[in-house]
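The letter at position 111 of the sequence shown is residue 111 when you use full-length UniProt numbering, and the numbering goes up by one with no holes.
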Amino acid sequence: MQIENILTSDVVDLTSLKSFFSTDKDSLIQLVTVYLSDTQPRLELLKKSIITVNHEEVRSICHFLKSSLGLMGVNCLEEITLLEKKAQNLDPEPIIQERLKHITVVLDQSIIEYQRILDQLKAL
1 MQIENILTSD VVDLTSLKSF FSTDKDSLIQ LVTVYLSDTQ PRLELLKKSI
51 ITVNHEEVRS ICHFLKSSLG LMGVNCLEEI TLLEKKAQNL DPEPIIQERL
101 KHITVVLDQS IIEYQRILDQ LKAL
């Protein structure tokens with residue numbers, strides 16, 4: 001199987017990865033590994049904030065994730081940016097929690113998809 005056959009997804013937009021790394025398996029593996037290792041623990045913290053909101057933690061995580069979500073084609077960049085502002089403004093917990101519910105689902109799906117891609121890249 002070729003790299004271009006692996007870089008297909010209905011969950012994430014792989015346009016950036018294809019344009020920069022379509023022939024560089026090792027860089028792709030490294031990039032996806034870093035995305036997974038950086039995103040998974042932060043996602044768990046965001047899930048905890050669905051129950052008890054920590055505005056500063058939500059703001060900080062959203063700020064951190066913005067850079068990787070764009071490159072990795074995860075379709076919640078606008079929502080993360082808006083959530084960062086809402087957390088910074090100390091918006092009421094129900095507003096933060098409602099946005100977190102959607103964002104955590106999208107991030108979960110991206111992690112599953114990138115784990116699939118990583119496994120296939122490693123098998124090449």
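For each residue, glycine too, the CB sits at the ideal point set by N, CA and C.
Expected contact under 8 Å - CB spacing of residue i and residue j to nearest Å
| i | j | result |
| --- | --- | --- |
| residue 126 | V11 | The structure shown does not extend to residue 126, since the chain is modelled only from 1 through 124, so no value can be given for it. |
| I50 | T104 | 7 Å |
| L124 | K25 | 6 Å |
| Q115 | L36 | 6 Å |
Per-residue burial, residue i [other beta carbons within 10 Å of its own, 16 or more giving buried]
| i | result |
| --- | --- |
| G73 | buried |
| I6 | buried |
| R59 | buried |
| E84 | buried |
| R99 | buried |
| L17 | buried |
| L45 | exposed |
Rounded C-alpha distance that separates residue i from residue j
| i | j | result |
| --- | --- | --- |
| K122 | L43 | 24 Å |
| I95 | K66 | 20 Å |
| F20 | G70 | 13 Å |
| N54 | Q2 | 44 Å |
| E56 | K47 | 14 Å |
| S22 | E4 | 6 Å |
| S9 | L82 | 26 Å |
| L106 | E78 | In the sequence as displayed, the identity of residue 106 is Val instead of Leu. Between V106 and E78, the C-alpha separation is close to 12 Å. |
| K101 | L90 | 18 Å |
| N75 | Q97 | 19 Å |
| K86 | S68 | 20 Å |
| S27 | I80 | 26 Å |
| P92 | D38 | 27 Å |
Of the residues the options, the one placed nearest residue i, counting alpha carbons only
| i | options | result |
| --- | --- | --- |
| D108 | L118, Q40 and L45 | Q40 |
| C62 | Q88, I117 and T23 | Q88 |
| I111 | R59, E79, S27 and L31 | L31 |
| Q120 | L100, I29, K101 and S37 | I29 |
Give the list of continuous alpha helix (DSSP H) stretches no shorter than 4 residues that lie fully inside the UniProt domain "HPt" (24 to 124).
25 to 51, 55 to 72, 77 to 88 and 93 to 123
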